[in-house]
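There are 2 protein chains.
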Amino acid sequence: MRELRAADLEDIAAGAAVLGTGGGGDPYIGKLLARVAIERHGPVRLIALDELDDGAWLVTCGAMGAPTIVLEKVPSGEEMLMALRHYEAVTGRRVEAIMPFEAGGLNSCLPIVLAAQTGLPLVDADGMGRAFPQLEMETFHVYGVPAAPVAMADEKGNLAMVETADAAKAEFMARGICIRMGGQASLVNYPMDGATAKRVSVPATMSLAQGIGQVLRRARAEKAEPLAALIDFLKTTHYGHAECLGSGKITDIERKVENGWSVGIVTIAPFDGGEAYAIRIQNENLVMERGAQVLAVVPDLICVLDSDTAEAIPTERLRYGQRVDVLGVRVPPIMRSAEALAVFGPAAFGLGASYRPLGGG
Amino acid sequence: MRELRAADLEDIAAGAAVLGTGGGGDPYIGKLLARVAIERHGPVRLIALDELDDGAWLVTCGAMGAPTIVLEKVPSGEEMLMALRHYEAVTGRRVEAIMPFEAGGLNSCLPIVLAAQTGLPLVDADGMGRAFPQLEMETFHVYGVPAAPVAMADEKGNLAMVETADAAKAEFMARGICIRMGGQASLVNYPMDGATAKRVSVPATMSLAQGIGQVLRRARAEKAEPLAALIDFLKTTHYGHAECLGSGKITDIERKVENGWSVGIVTIAPFDGGEAYAIRIQNENLVMERGAQVLAVVPDLICVLDSDTAEAIPTERLRYGQRVDVLGVRVPPIMRSAEALAVFGPAAFGLGASYRPLGGG
């Protein structure tokens with residue numbers, strides 16, 4: 003167990019932006035909400051998976067919706083708590099710990115808000131090891147935990163609950179509700195006990211986010227190369243491999259909100275003058291191609307970083323003319339099994355590419 | 003209290019089709035489900051509003067969705083019971099009586115199914131006095147009863163729950179869920195006590211449906227004019243006025259499913275050779291016009307009946323070439339107050355026409 007304090011939030015948010023792979027919502031807003039919550043309620047207890055009691059009842063939590071919408075429809079900071087209380091009221095079960103369902107973007111910080119508000123321990127793990135655009139794209143689901151009940155709340159206090167045996171149906175129904183809540187909602191889902199959480203979660207991803215943030219901050223302070231430092235650091239983690247996939251200038255962005263997601267394509271003209279890179283987006287960056295060549299594809303992380311600072315740029319902040327490096331990160335083994343790839347590999351997104359782990363398996 | 007038996011269902015379904023004003027879902031399917039339920043569980047206790055204990059806790063129930071979809075996605079007959087049990091599980095309240103939220107179409111018969119399955123008394127009343135396409139279009143809402151919690155179920159056992167203070171938001175969110183349940187869902191809503199039900203409900207509408215069915219059946223058996231008999235009968239009820247708005251042959255039907263509703267326009271060429279009638283539909287028949295003249299408009303009932311049999315034709319069964327009479331029925335006073343017209347008068351449907359009760363106020 004260690005305490006998360008307001009001073010930790012900068013690094014966590016910066017790292018979460020990298021793990022967000024373009025999505026997960028802008029961590030800036032989550033960081034502000036987490037700071038206010040910690041200042042008001044005190045520090046948050048962050049516990050490792052193996053510190054969790056096998057019998058402890060936990061829920062996972064986060065926001066769903068199009069990240070572009072979060073910029074205009076700002077969370078109140080109370081909706082996650084409302085979703086949790088709704089879950090408890092409906093099921094009659096008391097929640098003893100919470101875990102992020104997603105390690106990226108806004109969704110690394112919002113669980114900190116909830117942990118501060120409730121005083122519950124926050125489990126240092128998640129079910130995506132990054133950000134993904136759909137609720138069933140969770141190691142929890144891959145390894146047999148039902149997504150439902152899904153308790154949902156919006157910033158106006160509207161509540162909803164979905165019960166279904168099928169994780170994809172839970173996603174489909176919750177997405178419909180999310181759209182009617184204005185395109186952005188907070189939710190609590192995948193209830194499970196501690197023993198299950200240890201089996202099905204991607205470990206230590208809050209610490210990973212914080213580590214990424216620290217490495218970037220220190221490299222900048224030391225006038226070192228932040229991207230190189232980040233790649234070196236990631237090789238020491240259970241992710242195990244990272245590389246620069248390409249560098250260039252953004253020359254085109256197609257972007258729209260479709261079925262409740264931000265979708266689009268970003269074109270990057272490489273500094274080496276060769277064929278342009280194309281990154282396909284569904285909230286997150288899904289695949290990076292150069293002509294017919296697939297440079298990286300889900301579930302591996304594709305992170306667009308500012309060339310100067312190595313700061314991650316979420317898709318909704320991509321602009322024409324930005325100079326960027328694209329970082330590729332291999333996911334840990336729990337996310338590369340055949341069962342996992344069936345749920346969040348290329349085919350699950352309708353992509354024709356086949357998955358080959360960056361850096362080899 | 004009187005018992006509803008399988009032998010009563012023909013008349014109720016025939017009358018419910020008239021009160022459905024084109025919508026509410028085809029009562030044929032509801033009738034079959036009600037017959038099976040009564041044969042399996044025994045007759046249903048139908049109680050008048052004033053037989054209800056003031057302290058009894060009741061919920062209203064029915065199906066929502068596009069009637070056109072019910073023809074292909076047939077209810078299992080269990081979904082209303084699942085919605086009720088979901089309501090009870092979530093709220094911890096035991097339900098002691100049930101009431102239809104809508105007097106028309108499928109939604110007169112489905113509450114009979116639920117009453118047979120549960121053994122609960124069925125209250126002879128509803129909140130629309132007819133069918134309307136939206137959940138907030140209820141006298142319950144008009145007179146201050148919250149629509150939520152709304153418990154929903156589909157035929158596959160998927161469940162959902164909406165909690166919101168605003169009836170229109172409850173409709174909007176439940177409609178989104180309904181669409182994701184395949185365009186048709188069963189639900190339980192407007193929980194209230196008996197004293198409230200007496201104040202806010204349209205009384206005796208199950209008996210009214212049965213009375214309409216009886217009058218039509220007897221008139222046919224006696225080779226009398228069923229439409230004339232029906233008009234005479236309706237004048238003796240608390241609706242108080244009915245008339246034939248026009249007769250002719252259907253020459254055009256525009257129909258599509260939009261935002262979860264069946265919407266369209268029916269054109270009827272009158273037998274007198276004059277200008278055509280146009281009826282505008284949103285699940286139900288909303289307004290009947292002849293050129294610039296408004297012949298009838300919501301909340302008054304506009305019912306398209308077969309010219310030979312006076313059988314009501316739901317909008318999804320309208321066909322080119324059908325010969326029809328159009329019946330107009332004035333709604334009872336509880337549905338004509340200024341508050342009621344604000345919720346389900348012409349403006350609530352975006353219609354420019356102003357409401358003038360058929361037959362005068």
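As given, the protein sequences belong to chains A and B, one line each in that order. Under this note's numbering, the residue at position 142 of the first sequence is numbered 144, and the numbers go up by one with no gaps. Under this note's numbering, the residue at position 107 of the second sequence is numbered 109, and the numbers go up by one with no gaps. Here a beta-carbon is modelled for each residue, glycine too, at the ideal position from N, C-alpha and C. If you're wondering where the values come from, they're calculated on a predicted model, not measured in any experiment.
Residue range of the beta strand (DSSP E) that includes Gly248 (chain A):
Within the first sequence, numbered from 1, the residue matching residue 248 (chain A) stands at position 246. Segment Ala244 to Glu260, the beta strand (DSSP E) holding Gly248 (chain A).
Along the chain, where does the beta strand (DSSP E) containing Leu60 (chain B) start, and where does it finish?
Sequence index remark: in the second sequence, residue 60 (chain B) carries index 58 (1-based). Trp59 to Gly67 is the extent of the beta strand (DSSP E) around Leu60 (chain B).
Name the chain A residues whose beta carbon is nearer than 9 Å to that of Arg87 (chain B)?
Translated into the one-based positions of the second sequence, residue 87 (chain B) becomes position 85. Within chain A, no residue comes near Arg87 (chain B); the closest Cβ sits about 11 Å away, beyond 9 Å.
Kindly indicate if chain B contains any beta-carbon less than 8 Å away from that of Arg182 (chain A).
The residue you call residue 182 (chain A) lines up with position 180 of the first sequence. Put simply, the CB of Arg182 (chain A) is near chain B, with a gap under 8 Å to one of its CB atoms.
Hey, Gly178 (chain A) and Ile179 (chain B): beta-carbon distance below 8 Å or not?
Position 176 of the first sequence holds residue 178 (chain A). Position 177 of the second sequence holds residue 179 (chain B). Cβ atoms of Gly178 (chain A) and Ile179 (chain B): closer than 8 Å.
If we define contact as Cβ-Cβ less than 8 Å, is Lys171 (chain B) a contact residue for chain A?
As a working note, residue 171 (chain B) is residue 169 in the second sequence. So, interface residue.
From A:Pro77, A:Met337 and A:Pro348, pick the residue whose C-alpha is nearest to that of Ala155 (chain A); which is it?
For the purposes of this step, residue 155 (chain A) is taken as residue 153 along the first sequence, with counting starting at 1. The residue with the shortest Cα to Cα distance from Ala155 (chain A) is A:Pro77.
Selection from B:Ala99, B:Asp10 and B:Ser110 that minimises the alpha carbon distance to Gly32 (chain B)
Counting from 1 along the second sequence, the entry for residue 32 (chain B) is found at position 30. Out of B:Ala99, B:Asp10 and B:Ser110, the CA that lies nearest to the CA of Gly32 (chain B) is found in B:Ser110.
When you compare the CB positions of Thr311 (chain B) and Arg222 (chain B), do they come within less than 8 Å of one another, or not?
For the purposes of this step, residue 311 (chain B) is identified with residue 309 of the second sequence, where counting begins at 1. For the purposes of this step, residue 222 (chain B) is identified with residue 220 of the second sequence, where counting begins at 1. Yes. Within cutoff.
Under 8 Å between beta-carbons, which chain B residues line up against Ala162 (chain A)? List them in chain order, please.
Counting from one through the first sequence, the residue named residue 162 (chain A) turns up at place 160. Neighbours of Ala162 (chain A) across chain B, judged by C-beta separation under 8 Å: Ala162, Met163, Val164, Glu165, Met175 and Ile179.
Excluding sequence positions up to five away, which residues of its chain have a Cβ less than 6 Å from the Cβ of Asp327 (chain B)?
As a position in the second sequence, residue 327 (chain B) is number 325, starting the count at 1. Only Leu229, Cys246, Ser249, Leu307 and Ser309 meet the Cβ criterion.
In chain order, each beta strand (DSSP E) run of at least 3 residues that lies wholly inside the segment 152-204 of chain A
Correct list: 152-155, 161-165 and 186-195.
Is Phe273 (chain B) buried or exposed, if buried means 16 or more other CB atoms sit within 10 Å of its CB?
Within the second sequence, numbered from 1, the residue matching residue 273 (chain B) stands at position 271. Here Phe273 (chain B) is exposed: its Cβ has fewer than 16 other Cβ atoms, across all protein chains shown, within 10 Å.
Hey, would you say Met66 (chain B) sits closer than 8 Å to Leu137 (chain B), going by beta carbons?
Translated into positions along the second sequence, residue 66 (chain B) becomes position 64. Translated into positions along the second sequence, residue 137 (chain B) becomes position 135. Leu137 (chain B) sits close to Met66 (chain B), with the two beta carbons spaced by under 8 Å.
Output yes if chain B places a C-beta closer than 8 Å to the C-beta of Val97 (chain A); else output no.
Here residue 97 (chain A) is taken as the residue at index 95 of the first sequence, counted from 1. By this cut-off, Val97 (chain A) is not an interface position.
Do Leu320 (chain B) and Ile252 (chain B) come within 8 Å of each other at the CB atom, strictly closer than that value?
Locating residue 252 (chain B) in the second sequence gives position 250, where the first residue counts as 1. Locating residue 320 (chain B) in the second sequence gives position 318, where the first residue counts as 1. Taking C-beta atoms as the reference points, Ile252 (chain B) and Leu320 (chain B) count as a pair closer than 8 Å.
Based on DSSP bridge pairs, tell me the residues matched to Glu41 (chain A).
Along the first sequence, one-based indexing puts residue 41 (chain A) at 39. BP columns for Glu41 (chain A) are empty, so no partner.
How many angstroms separate the CA atom of Arg332 (chain B) from the CA atom of Ile214 (chain B)?
As a first step, residue 332 (chain B) is located in the second sequence; it is residue number 330 there, counting from the start. As a first step, residue 214 (chain B) is located in the second sequence; it is residue number 212 there, counting from the start. Cα to Cα, the separation comes out at about 15 Å.
On the premise that Met82 (chain A) lies in contact with Leu112 (chain A), defined as a C-beta separation below 8 Å, what is that separation, rounded to the nearest angstrom?
Start at 1 with the first residue of the first sequence, and residue 112 (chain A) comes out as number 110. Start at 1 with the first residue of the first sequence, and residue 82 (chain A) comes out as number 80. Right, the Cβ-Cβ distance comes to about 6 Å (below 8 Å), so this counts as a contact.
Simplified DSSP state of Val289 (chain A), which is helix, strand or coil
Mapped onto the first sequence, residue 289 (chain A) falls at position 287. In the structure shown, Val289 (chain A) falls within a strand segment according to DSSP collapsed to helix, strand and coil.
Beta-carbon contacts of Asp302 (chain A) that lie in its chain and below 7 Å, excluding the five residues immediately before and after:
Residue 302 (chain A) sits at position 300 when you count from the first residue of the first sequence. Gly330, Val331, Arg332, Val333, Pro359 and Leu360, listed in sequence order.
Using the Cβ count rule (16 or more neighbours within 10 Å means buried), how would you classify Asn261 (chain B)?
Translated into the one-based positions of the second sequence, residue 261 (chain B) becomes position 259. Counting Cβ neighbours within 10 Å, Asn261 (chain B) comes out exposed, since fewer than 16 surround it.
At a CB distance below 7 Å, what residues from the segment 18-36 of chain B approach chain C? Give them in sequence order.
Among the protein chains in the structure shown, which are A and B, there is no chain C.
Per-residue contacts from Val92 (chain B) into chain A (C-beta, under 8 Å):
Walking along the second sequence from the start, residue 92 (chain B) turns up at place 90. In chain order: Ala91, Val92 and Met163.
Tell me the residue span of the beta strand (DSSP E) that contains Gln324 (chain B).
As a position in the second sequence, residue 324 (chain B) is number 322, starting the count at 1. That residue, Gln324 (chain B), is in no beta strand (DSSP E); it is neither H nor E in DSSP.
Can you tell me whether DSSP reads Met101 (chain A) as helix, strand or coil?
Reading the first sequence from its first residue, position 99 is the one you call residue 101 (chain A). Here Met101 (chain A) carries a strand assignment [DSSP, helix/strand/coil].
With 16 other Cβ atoms within 10 Å as the buried cut-off, status of Lys158 (chain B):
As a working mapping, residue 158 (chain B) is identified with position 156 in the second sequence. Exposed is the call here.
Any idea if Arg325 (chain A) is buried or exposed, counting beta-carbon neighbours within 10 angstroms, 16 or more meaning buried?
Here residue 325 (chain A) is taken as the residue at index 323 of the first sequence, counted from 1. Flag for Arg325 (chain A) reads exposed.
Residue span of the beta strand (DSSP E) that contains Ser264 (chain A), given as start and end
Here residue 264 (chain A) is taken as the residue at index 262 of the first sequence, counted from 1. Where Ser264 (chain A) is concerned, the enclosing beta strand (DSSP E) stretches over Trp263 to Pro272.
Considering just the uninterrupted stretch of the alpha helix (DSSP H) at Glu81 (chain B), what are its terminal residues?
Along the second sequence, read from residue 1 onward, the residue named residue 81 (chain B) stands at position 79. Counting along the chain, the alpha helix (DSSP H) containing Glu81 (chain B) begins and ends at Glu81 to Thr93.
Sub-8 Å separation of Ala150 (chain A) and Leu21 (chain A) beta-carbons
Reading the first sequence from its first residue, position 148 is the one you call residue 150 (chain A). Reading the first sequence from its first residue, position 19 is the one you call residue 21 (chain A). No, the Cβ-Cβ distance between Ala150 (chain A) and Leu21 (chain A) is not below 8 Å.
Between the alpha carbons of Ala169 (chain B) and Ile49 (chain A), how many angstroms are there, rounded?
The sequence position of residue 169 (chain B) within the second sequence is 167, counting from 1. The sequence position of residue 49 (chain A) within the first sequence is 47, counting from 1. Near 42 Å, if we compare the C-alpha coordinates of Ile49 (chain A) and Ala169 (chain B).
Just how far apart, CA to CA, sit Ala68 (chain B) and Gly26 (chain B)?
Sequence index remark: in the second sequence, residue 68 (chain B) carries index 66 (1-based). Sequence index remark: in the second sequence, residue 26 (chain B) carries index 24 (1-based). Taking the straight line joining both Cα atoms gives about 9 Å.
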